[in-house]
Amino acid sequence: MVFGRRLTLILTSALSSGFLQWEKVFPSQNSAVWHTILLKNALSK
């Protein structure tokens with residue numbers, strides 16, 4: 205899926221650009237989960 209890959213790239217770039225900005229959008233509890241999911245998606249490609 206092109207959309208899924210693009211969405212993953214956007215989220216990954218958002219993470220790499222600033223964890224503090226990301227923390228403002230998502231609570232700390234969800235942050236760890238999102239980081240794990242994004243890392244798994246990035247490594248699986």
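Going by my numbering, the first residue of the sequence shown is number 205, and it counts up by one from there.
The C-beta atom is built at its ideal place from N, Cα and C for all residues, glycine as well.
- Inclusion of threonine 216 and leucine 247 in the CB contact set at 8 Å is not warranted, their separation being larger than that value.
- For serine 217, the enclosing alpha helix (DSSP H) covers residues 206-221.
- Rounded to whole angstroms, the Cβ separation of histidine 239 and leucine 219 is 7 Å, and the two are in contact under 8 Å.
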